[in-house]
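Engineer: Here the sequence shown stands for residues -19 to -1, 1 to 267, where the numbers follow mature numbering (1 follows the signal peptide of the UniProt record, and there is no 0).
We put the CB at the ideal spot given by N, CA and C, even for glycine.
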Amino acid sequence: MELLPLLFLSFCFLTSVSGLTFAAESGTPVARVTVKEDADAILPCSLGTSETIESMVFDWKKDGKQVFTYNNGTHHNNDLEDQSAEFKGRVSHFPEELKNGNASIKITDTRLEDKGNYICIFPKSQSGGIRFHIELAVGAAEPSVTNLDETNDWALLKCVVKGASPKPTVEWWDSNNQTIPSEEPQVSKKGERFFITLKTNVTKTDRYHCVATQKEIWHQAHTEINVRLNVPEPNTGWKIVAGVAVAVAVVLAVVVVGILLRCYIKNKKKRQEETESPLRETENQH
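(1) Give me the Cα-Cα distance between Asn248 and Leu241, rounded to the nearest whole angstrom.
(2) Leu(-6): buried (16+ other C-beta within 10 angstroms of its C-beta) or exposed?
(3) Cα separation between Thr33 and His57?
(4) Assuming Gly120 and Lys17 make a contact with CB atoms under 8 Å, what is their CB distance in whole Å?
(5) Just checking my contact of Ala118 with Thr15 at CB under 8 Å: how many whole Å lie between their CB atoms?
(6) Let me know if Lys251 comes out buried or exposed under the rule of 16 or more other beta-carbons within 10 Å of its beta-carbon.
(7) Let's see if you can read the secondary structure: which residues bound the beta strand (DSSP E) around Ser169?
(8) When the Cα of Ile102 is compared with those of Leu93, Asp95, Lys96 and His114, which residue comes out closest?
(9) Spatial neighbours of Gln253 within its chain, please: CB distance less than 8 Å, with the 5 preceding and 5 following residues excluded, ordered by chain position.
(10) For Ile111, name the three-state secondary structure that DSSP assigns.
(11) What ranges does the beta strand (DSSP E) occupy inside the region 129 to 206, keeping only unbroken runs of at least 3 residues that lie completely in it?
Pasting the structure below:
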């Protein structure tokens, strides 16, 4: 899933009707951001007004941990020191956007452990403390593919997905994005991460994809491999023989037709001469 469209929808939702405040207070996430592990994640938060928040206070928390705090120009990247260790040096805000009421933050190099629900809080707002709940989903499922063995007419392909979480569905697809038959996947688990191996045997030249899908977080990743098999061409000897036979038959037919035509003309001429001969004899007698 593309990040920018998701963020656009998130901001639209965050800056819409006033009823959003009550949805946020209930603890239900009002937006979900999905990123790949090791990528950067932008968590959106806005009061929904055009007023500046440069002199205000806003906090980001996750499971009681201090993710990022901004207080009238002071924040965790300059003077504040109570930031949780796992977020130090990885979280920043957008100073140029404060004048537009934007309290969004960016988490760099996201880890699987970063997933979960975040709260953006304006503790000193006129509404008496506005909270927005944002869910961060981190996808860790990058397949790698290899060609284990190959002959002239088949190839054995292997796909490996290491350290995926949540557990993905792994499939082999052809160039038409159609699922192809595969062996039973080999699955192991370590902590929250899954390790999956999937093999398939293919019998034609094509571009194949190993696809890992995590429906829970709307994340999908794939890796492709090109297979070119040296399958011999079907035996065409009989076609050559048939072609020669047809050619010979055509030549013979032409020859026969020619002979018959000559015979016809010769016989016709002979009959004509036989018919004209008595007539000449009668004329001579007179």
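Structural biologist: A quick look at the data gives this:
(1) Cα to Cα, the separation comes out at about 10 Å.
(2) Reliability of the predicted coordinates at Leu(-6) is poor, the pLDDT of 34 falling under 50, and the value obtained from them is presented with this limitation in mind. Answer is buried; the Cβ neighbour count reaches 16.
(3) Each residue's alpha carbon lies about 20 Å from the other.
(4) So it is a contact: roughly 5 Å between Cβ atoms.
(5) Sure, about 4 Å apart at Cβ, within 8 Å.
(6) Here Lys251 is exposed. Its C-beta has fewer than 16 other C-beta atoms within 10 Å.
(7) Residue range Gln167 to Lys171 is occupied by the beta strand (DSSP E) that includes Ser169.
(8) Considering only alpha carbons, the answer is His114.
(9) Nothing listed; no residue qualifies.
(10) Taken through DSSP and simplified to helix, strand or coil, Ile111 comes out as strand.
(11) Look at the region 129 to 206 and you find these whole runs of beta strand (DSSP E), each 3 residues long or longer: 136 to 145, 150 to 154, 167 to 171, 174 to 183 and 187 to 195.
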